[in-house]
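Residue numbers (the numbering used here), protein chains in the order written: chain A, 4 to 136; chain B, 383 to 922. Report on the following structure.
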């Protein structure tokens with residue numbers, strides 16, 4: 004399978020050299036955006052509680068959307084995914100794809116509960132013993 | 383650190399005193415030594431888990447509960463399950479054989495992150511310590527699944543300590559997977575393209591994907607169990623606003639793929655053994671390689687087949703059942719291709735090959751009964767019976783354990799530089815195979831007839847099956863002790879193995895036995911496909 008060559012352990016150990024640089028200014032801009040999103044989170048809660056009573060699913064949707072935006076900023080800039088290799092980016096994205104699998108299938112189960120309506124003797128509401136007597 | 387500095391570092395680690403020797407092991411960053419640390423610790427955990435299983439089997443010889451109380455029985459089978467799943471089956475093959483062999487097989491000096499590798503071992507030991515403390519302080523009675531709300535609100539046993547152990551061990555698993563993925567991507571020898579990789583490497587790559595993607599989910603789920611148990615914040619207990627089915631979703635999202643963490647590396651081992659001892663390139667190499675990835679991906683979509691009776695939606699059950707059947711396709715690809723590899727091969731029945739053939743037979747039974755269980759109607763009939771117990775033991779023990787033993791035998795000469803006694807090896811493989819089948823086949827029958835799992839008192843009609851099973855487990859236990867003895871004896875009395883005792887073509891056989899610190903004296907360059915057996919060397 005292999006031939007031995009005296010190349011001094013240098014082959015196959017090189018790293019991809021495509022690590023870029025994120026400027027300090029970008030970090031501050033992202034920090035500002037995160038602070039703004041935090042204010043938006045609090046404002047959304049305050050609005051929901053005191054002014055507009057949105058359905059729960061809408062309120063949760065808004066909160067989760069803001070949280071996803073924050074997470075994306077942190078992963079993309081602070082965790083250097085923006086300037087990492089394609090391989091790192093694929094793995095970062097795949098983790099979220101897997102998370103979506105979990106969420107979608109679990110929610111699919113919850114949404115489909117009670118379909119179809121149960122029929123038959125076991126679906127009848129049990130009669131209390133005292134009433135039966 | 384430069385190459386010269388690294389060599390000096392290892393030179394200063396040459397032990398001259400007992401404490402220096404101990405330090406050289408406990409602080410080593412050499413993947414081979416870390417693999418041996420895992421080998422020792424994992425086998426100790428296996429013996430403890432096996433001891434708990436023996437006590438459980440002894441109790442079940444008679445229909446009465448005459449050896450222990452129901453509560454003690456619950457704690458004993460939980461101890462067996464927790465140790466075997468979290469501290470033997472999941473880390474077993476990747477941490478021992480994967481750690482030792484991946485750098486050797488790809489022509490690298492070590493894993494990508496040697497210190498992270500050592501940290502993985504310490505995390506494993508830390509998790510094990512938590513679990514053992516839980517056992518010493520009275521044990522835990524929830525079963526290894528920690529189902530809620532029993533685990534969060536009702537159990538009076540050491541749930542917190544045990545879950546802490548599983549949680550910490552999970553990080554060991556994540557770090558090992560991370561290390562393997564980066565090593566395989568970045569440190570392959572020149573010329574070692576993806577389709578020249580041994581199938582052992584493909585299998586470990588697929589396993590590592592599962593480890594890093596699924597383990598964090600169970601970590602969070604276990605953390606939520608702790609939150610509910612300690613602070614009574616309603617997450618899973620309906621009495622305080624939680625949903626117990628949510629726990630099952632989160633738990634099985636990890637724990638079903640965890641089955642593939644156990645079996646995929648085993649399949650990688652079997653590919654190596656079948657190729658070497660039939661002296662043929664694995665038939666349909668590419669299909670076998672991609673079937674590992676397919677199993678890893680499909681394995682994430684089937685967790686609901688553990689929840690058919692949990693009040694999960696009927697439609698979800700149907701979809702999960704259908705996808706579960708799909709897993710049979712890549713699994714069957716492997717089995718058919720191994721069989722096709724054997725066809726017209728120059729087969730030699732050495733000890734590792736006996737284990738490999740045993741694996742194929744037992745895995746077929748385990749896999750086919752898995753298809754039965756994917757069908758909702760059948761599964762509901764046998765849920766929580768010994769049929770399920772037999773099924774997963776055929777996969778986990780018949781599969782993973784056989785491959786682990788086969789792999790240990792195959793690479794033992796490389797790890798130690800010594801050959802073991804072949805006659806005893808043959809005997810042990812046969813004893814394990816017979817003992818295993820006698821232990822678990824009767825469980826299929828009694829499970830189908832209605833014997834529920836996790837009961838220590840049972841109707842008299844099932845006694846004959848339990849007696850057979852306990853007798854088999856005794857034989858199986860002997861089968862496990864025999865290799866322990868002759869492998870240890872071989873360290874002193876075994877003949878020198880040489881670099882390549884099997885005439886195998888893999889890179890790990892191109893260096894000395896045991897390999898030097900940096901694995902290869904010179905950088906290997908790969909010019910051929912994997913399993914390029916030379917016909918003239920077929921003299922085993």
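We put the CB at the ideal spot given by N, CA and C, even for glycine.
Under 8 Å between C-beta atoms of residue i and residue j
| i | j | result |
| --- | --- | --- |
| residue 878(B) | residue 853(B) | no |
| residue 42(A) | residue 80(A) | no |
| residue 716(B) | residue 649(B) | yes |
| residue 605(B) | residue 735(B) | no |
| residue 646(B) | residue 588(B) | yes |
| residue 525(B) | residue 540(B) | no |
| residue 548(B) | residue 478(B) | no |
| residue 873(B) | residue 798(B) | yes |
| residue 643(B) | residue 472(B) | yes |
| residue 674(B) | residue 584(B) | yes |
| residue 614(B) | residue 476(B) | no |
| residue 590(B) | residue 559(B) | yes |
| residue 885(B) | residue 895(B) | no |
| residue 513(B) | residue 465(B) | yes |
Of the listed residues the options, nearest to residue i (C-alpha basis)
| i | options | result |
| --- | --- | --- |
| residue 858(B) | 403(B), 811(B), 872(B) | 811(B) |
| residue 791(B) | 662(B), 883(B), 400(B) | 883(B) |
| residue 758(B) | 865(B), 653(B), 692(B) | 692(B) |
| residue 867(B) | 809(B), 885(B), 896(B) | 809(B) |
| residue 431(B) | 517(B), 417(B), 572(B), 566(B) | 517(B) |
| residue 828(B) | 764(B), 444(B), 594(B) | 764(B) |
| residue 756(B) | 710(B), 742(B), 471(B) | 710(B) |
| residue 555(B) | 702(B), 500(B), 579(B) | 500(B) |
| residue 713(B) | 596(B), 746(B), 901(B) | 746(B) |
| residue 904(B) | 889(B), 911(B), 564(B) | 889(B) |
| residue 64(A) | 47(A), 111(A), 75(A), 76(A) | 47(A) |
| residue 24(A) | 96(A), 72(A), 85(A) | 85(A) |
| residue 862(B) | 626(B), 779(B), 899(B) | 779(B) |
| residue 101(A) | 795(B), 724(B), 596(B) | 596(B) |
| residue 545(B) | 804(B), 511(B), 699(B) | 511(B) |
| residue 623(B) | 591(B), 530(B), 537(B), 483(B) | 530(B) |
| residue 111(A) | 683(B), 916(B), 814(B) | 683(B) |
| residue 621(B) | 405(B), 536(B), 662(B) | 536(B) |
Separation of residue j from residue i, as counted between CA atoms
| i | j | result |
| --- | --- | --- |
| residue 618(B) | residue 611(B) | 10 Å |
| residue 89(A) | residue 638(B) | 30 Å |
| residue 19(A) | residue 887(B) | With a pLDDT of 47 at residue 19(A), under the threshold of 50, the predicted position of this residue should be treated as unreliable, and no value is reported. |
| residue 49(A) | residue 407(B) | 58 Å |
| residue 8(A) | residue 570(B) | Residue placement at residue 8(A) is flagged as unreliable, the pLDDT there being 43, under the threshold of 50; a coordinate-derived value is accordingly withheld. |
| residue 847(B) | residue 816(B) | 16 Å |
| residue 412(B) | residue 865(B) | 26 Å |
| residue 528(B) | residue 914(B) | 48 Å |
| residue 117(A) | residue 532(B) | 25 Å |
| residue 334(B) | residue 849(B) | Residue 334(B) cannot be examined here, being either before or after the span of chain B that is shown, 383 to 922. |
| residue 761(B) | residue 754(B) | 7 Å |
| residue 390(B) | residue 491(B) | Its pLDDT being 46, under 50, residue 390(B) is placed unreliably in this model, and the value from its coordinates should be taken loosely. The alpha-carbon atoms of residue 390(B) and residue 491(B) are separated by roughly 16 Å. |
| residue 77(A) | residue 69(A) | 13 Å |
| residue 855(B) | residue 453(B) | 23 Å |
| residue 402(B) | residue 653(B) | 40 Å |
| residue 698(B) | residue 470(B) | 32 Å |
| residue 695(B) | residue 113(A) | 7 Å |
| residue 835(B) | residue 459(B) | 10 Å |
| residue 480(B) | residue 422(B) | 15 Å |
| residue 708(B) | residue 680(B) | 8 Å |
| residue 582(B) | residue 534(B) | 40 Å |
| residue 801(B) | residue 768(B) | 40 Å |
| residue 844(B) | residue 832(B) | 9 Å |
| residue 807(B) | residue 788(B) | 10 Å |
| residue 488(B) | residue 640(B) | 25 Å |
| residue 701(B) | residue 685(B) | 11 Å |
| residue 565(B) | residue 496(B) | 10 Å |
| residue 550(B) | residue 523(B) | 20 Å |
Cβ distance (whole Å) where residue i is taken to contact residue j below 8 Å
| i | j | result |
| --- | --- | --- |
| residue 486(B) | residue 897(B) | 6 Å |
| residue 600(B) | residue 633(B) | 6 Å |
| residue 494(B) | residue 462(B) | Actually they do not touch by this definition, with Cβ atoms about 35 Å apart. |
| residue 3(A) | residue 635(B) | Nothing can be reported for residue 3(A): it is not among the residues displayed for chain A, which extend from 4 to 136. |
| residue 784(B) | residue 744(B) | 6 Å |
| residue 822(B) | residue 776(B) | 6 Å |
Neighbouring residues, chain E, relative to residue i (Cβ below 7 Å)
| i | result |
| --- | --- |
| residue 682(B) | This model lacks chain E altogether; the protein chains it does include are A and B. |
*Note down, one range per segment and in chain order, each alpha helix (DSSP H) of at least 4 residues found wholly within the segment 673 to 755 of chain B.*
With a minimum length of 4 residues, the unbroken runs of alpha helix (DSSP H) contained wholly in the segment 673 to 755 of chain B fall at 696 to 724.
*beta strand (DSSP E) runs contained entirely in the segment 831 to 914 of chain B, provided each spans 3 or more residues*: 906 to 908, all fully within the segment 831 to 914 of chain B.
*Within the segment 463 to 494 of chain B, note down every full alpha helix (DSSP H) run reaching 4 residues or more, in order along the chain.*
Complete alpha helix (DSSP H) runs here, min 4: 481 to 488.
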